[in-house]
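Note sheet for the following structure.
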Amino acid sequence: MKHVLLFVSLIVLVQCKTTKSVVTTEPSEKELTVAQKTWPSTTLDELKEGQAIYKNQCTECHKNFTITKFSEKKWKHEIDDMSPKAKLTDIQKEKLSKFILSYREVNAPAAK
Numbered sequence: 035m036k037h038v039l040l041f042v043s044l045i046v047l048v049q050c051k052t053t054k055s056v057v058t059t060e061p062s063e064k065e066l067t068v069a070q071k072t073w074p075s076t077t078l079d080e081l082k083e084g085q086a087i088y089k090n091q092c093t094e095c096h097k098n099f100t101i102t103k104f105s106e107k108k109w110k111h112e113i114d115d116m117s118p119k120a121k122l123t124d125i126q127k128e129k130l131s132k133f134i135l136s137y138r139e140v141n142a143p144a145a146k
């Protein structure tokens, strides 16, 4: 019985570790408009590339954080801190920032 319980616990633990819920909606014109306020030459393709970096590199080591959960200041700090560890180039870092910060602004719950 102990072996069965241990085996089931191990399966559940592995499932929790490998199951990832990532942002699945493509960046839209809304995110593009927001990004262009800070980075006027931003393209929709850059936002999509930033999303791909988030999906493929950030969630490689971390769970998929709810982007709207953290402030802009917190995200800037995290991106600055983690980019070297993820071996992101400056261009990748900028695309990631554009995606996360524009997504956050568009999708954050309204302030009460």
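Just so we're aligned, residue 35 is where the sequence shown starts under the working numbering, counting upward by one.
Each residue gets a CB set at the ideal place from its N, CA and C atoms; glycine is no exception.
Classify residue i as helix, strand or coil using the three-state DSSP reduction.
{"i": "S55", "result": "Residue confidence is low: S55 scores 45 on pLDDT, short of 50, so the model does not pin down where it sits. Its coordinate-derived value is still stated next. Of the three classes helix, strand and coil, the one that applies to S55 here is coil, per DSSP."}
{"i": "L122", "result": "coil"}
{"i": "N98", "result": "coil"}
{"i": "S117", "result": "coil"}
{"i": "S136", "result": "helix"}
{"i": "E60", "result": "coil"}
{"i": "S105", "result": "coil"}
Hey, out of the options, whose CA is closest to residue i's CA?
{"i": "C92", "options": "A142, E80, P74, K127", "result": "K127"}
{"i": "G84", "options": "N141, E60, E112", "result": "E60"}
{"i": "E139", "options": "C95, I101, I113, E94", "result": "I101"}
{"i": "P143", "options": "F104, K108, N98, S131", "result": "F104"}
{"i": "E106", "options": "T67, S62, S131", "result": "S131"}
Contact check, residue i vs residue j under 8 Å by CB: the rounded distance?
{"i": "L81", "j": "S136", "result": "6 Å"}
{"i": "K69", "j": "T76", "result": "The amino acid at residue 69 is misidentified as Lys; the sequence shows Ala. Contact holds; Cβ gap of about 4 Å."}
{"i": "Y88", "j": "I134", "result": "7 Å"}
* What are the complete alpha helix (DSSP H) segments, minimum 4 residues, inside the stretch 68-94? -> Listed in chain order, the complete alpha helix (DSSP H) runs (minimum 4 residues) inside the stretch 68-94 are 78-87.
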